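So the sequences go chain by chain: V and U. So for the first sequence, the numbering used here puts the first residue at 1; every next one is plus one. So for the second sequence, the numbering used here puts the first residue at 268; every next one is plus one. First up is the structure itself, then whatever we jot down about it.
Number of protein chains: 2
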Amino acid sequence: MLIHLNGALVSAAEARVDPADRGLTLGDGLFETIRARGGRPLRLAAHCARLRAGADVLDLPVPVSDEALGRALEETLEANAVTDGVLRLTLTRGPGPRGLLPPPQPRPTLLITAAAAEASSPSPIRAVIATKTRRNEHSPLSRCKCINYLDNILARLEAAKRGADDALLLNTAGRLAGTTMANLFLVIDGVVVTPPVADGALPGVIRAEVLAAAGAEERSLKPEDLASASEAFITNCLGIRAVVSVDGAPIGDGRPGPVFEKFRAIP
Amino acid sequence: MLIHLNGALVSAAEARVDPADRGLTLGDGLFETIRARGGRPLRLAAHCARLRAGADVLDLPVPVSDEALGRALEETLEANAVTDGVLRLTLTRGPGPRGLLPPPQPRPTLLITAAAAEASSPSPIRAVIATKTRRNEHSPLSRCKCINYLDNILARLEAAKRGADDALLLNTAGRLAGTTMANLFLVIDGVVVTPPVADGALPGVIRAEVLAAAGAEERSLKPEDLASASEAFITNCLGIRAVVSVDGAPIGDGRPGPVFEKFRAIP
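Written out as C-alpha cells, the structure is:
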C-alpha cells in the first residue's frame, strides 16, 4: 500500500510520522472520509469546504489548494489501483514542542490513504442510545470533523458490548445528535427531520444532500421522538443505512421504509 | 534526543510512528506529564494509577507493568542526560484498520520523551474565561488525561489572542472546570475550594495533594465566585502558579496570596 504523506507517495510500511506530531500528542487535527468512484474523489468541493471551515476553527493553515488536494487524492487512488473505494485525508498541525500553544510557523502533516470499497453493506442497523458519554454541542468542535474521536469510540464500544451495530449519541441537553459515524434522519408524520448542527450534529456532506433532496427539516429531537418515527436512517459518505431498532424497540414496522429506499442511492 | 518507543530507545529524528496509529487518526490514547528530579520520575504511583484508570475507561490494555514503566521513564531521563526535567508518556491504541471499533488484539504504542526543566517560572497568571468552547462534564473523558486536547487548544489560542496567559474553561452548565492545562483553586472566606471532578475537573495529581494538604473542599464554582475570592491559583505537575486576574478583574488584591505561598513548593 502506498500513502500520500506531505506531498509524496511512500510505502505505508516505511512512511514515518514524527512522534512529536501534535496530531498524535494532542489530537490537533482534522480529517475527511471521501468516497471514490471511477478513480476520482466524489464531492471534492464539499469535502474541501468542510476541511477549510474546520481549519478556520482550529486556526490551522491548510498547506495546499483544493486543486492540489484533488490531485493528491487521485494519485493515491491510482498508486493503489483503487477505482471504487474510500479515501481518508488527515491534516494535523504537524510537529510541535511541549505545550498547548501551536508553534508560530506550523508545518502541517497531510496524510492520504486509499482503500477499496467494501462489499456494499446496505444491511439495516440495530442501534442503541449511548449511556456512557454525550456529545458536546457547546464546543465548536462538534461542527468540525476533527480527530478527537474518543467519545465516538466509547459509544461504538458500548454498542458492540450491547450487541448493537452502532450507537446514537445524545448531546448534553439530552437531544439526539447523530451516531458515532453518521448523521441521523427520522420520518415523523411524513416529514423527514434531522438534528440541527446547533444540537451537535456534524454538518455531513451527504446530510446536506439528503436535506435538500428530501425537503427535510432540521429539528431538535428527543429519544421519545423515536417512538413516533415511521422510519429512521443514517447517512455518511459511505452510504445510507436504515435503522430498524433502537434499544431493542422497532422503528416503525421494524423494516427499511420507503423514504430510505428513495434516497439510499445518493452516496 | 532519544525517545523511548515501544520498549526501545531510538533517535527522535528516526523514530517512526505508523501513519495508521489510532492516536494520530482518531485521538485514541492517553498521556501523562511527569516531573522528574534527581533522574527519577516523581509521583510515579499516582501517574500510573491515573493512566490505568483512563485505560479502563477506554478499554485500552496497558502493555507494561508500573515497574517497567518506571524503568522506561528513568532510562529516557538517563539517555538524555536529564536529571531535573519533565517526562511525557503517551499511550495510544496503536495501528488499526479503518473504522472506529478497535482491533480485537491492539498493539498499543507507548512513547516517552524527556526534556530538561525550563527555568522555573513562578510568574503569576492573568487569565480569561474561554468564550469559544466548554468542557464536557457529561463525558467520562473529562476525568481522563486523554489526547483529545482540541478544546483546550482552542481555549489556549483564545487566551493568547486576548493577551492572557491561560484560559479558564466553563463546563456545559456554566461552572468553572479548570484551565487548559491545570486545576483551579480559589480561597473564599478563608476556605480553599476547587471544582469537583463531576464538574469536569481533571483529577490532577497535584490537585489531590493540595486538597489533602490544605484541607480543601470540592465545591461547584461559578464565574461570579471569582469576585469573592481572596486568592486563586492553579496546579499541575509542573508547578503551582498564582492567578492574579481574570478577564481583567483582579483576584483579591491582584497579587499572589498567603495560601499560594504556603503550597507553592509542593510540586
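Beta carbons: idealized from backbone N, C-alpha and C, even for Gly. This structure is a prediction, so every number in the text was calculated from the model and none was measured.
{"Asked": "Short CB-CB distance (under 9 Å) between residue 133 of chain V and chain U", "Found": "yes"}
{"Asked": "Contiguous alpha helix (DSSP H) assignments of at least 4 residues, all confined to the segment 418-484 of chain U", "Found": "472-480"}
{"Asked": "Proximity to residue 367 of chain U [Cα-Cα], best of V:177, V:153, V:27 and V:94", "Found": "V:153"}
{"Asked": "Residues that residue 116 of chain V bridges to, as DSSP identifies them", "Found": "V:85"}
{"Asked": "Beta-bridge partners of residue 40 of chain V, as assigned by DSSP", "Found": "V:37"}
{"Asked": "Stretch-stretch touch, CB-based, cutoff 8 Å, three pairs: the segment 35-54 of chain V with the segment 158-167 of chain V", "Found": "no"}
{"Asked": "Three-state secondary structure assigned by DSSP to residue 515 of chain U", "Found": "coil"}
{"Asked": "Straight-line Cα distance separating residue 35 of chain V from residue 55 of chain V", "Found": "21 Å"}
{"Asked": "Where the segment 411-442 of chain U meets chain V: residues whose CB sits under 8 Å from a CB there", "Found": "413, 414, 415, 416, 417, 418, 419, 420, 421, 423, 424, 427 and 439"}
{"Asked": "Residue 557 of chain U - DSSP class collapsed to helix/strand/coil", "Found": "The requested residue 557 of chain U does not occur in the structure, where chain U is confined to residues 268 to 534."}
{"Asked": "Outcome for residue 155 of chain V when other beta-carbon atoms lying within 10 angstroms are tallied against a minimum of 16", "Found": "buried"}
{"Asked": "Beta-ladder partner(s) of residue 278 of chain U, from DSSP", "Found": "U:269"}
{"Asked": "Beta-bridge pairing of residue 396 of chain U - partner residues as DSSP gives them", "Found": "U:435"}
{"Asked": "Within-9 Å CB hit, residue 367 of chain U to chain V", "Found": "yes"}
{"Asked": "6 Å Cβ shell around residue 107 of chain V - same chain, five flanking residues per side excluded", "Found": "94"}
{"Asked": "Three-way DSSP call (helix, strand, coil) for residue 499 of chain U in this model", "Found": "strand"}
{"Asked": "Per-residue DSSP class, three states only, for residue 143 of chain V", "Found": "helix"}
{"Asked": "Any chain U beta carbon closer than 9 Å to residue 183 of chain V", "Found": "no"}
{"Asked": "Pairwise C-alpha distance: residue 185 of chain V and residue 266 of chain V", "Found": "14 Å"}
{"Asked": "Beta-carbon gap between residue 403 of chain U and residue 134 of chain V smaller than 9 Å", "Found": "yes"}
{"Asked": "Partner residues on chain U for residue 321 of chain V, Cβ-Cβ distance less than 8 Å", "Found": "With chain V covering 1 to 267 only, the question about residue 321 of chain V has no answer from this structure."}
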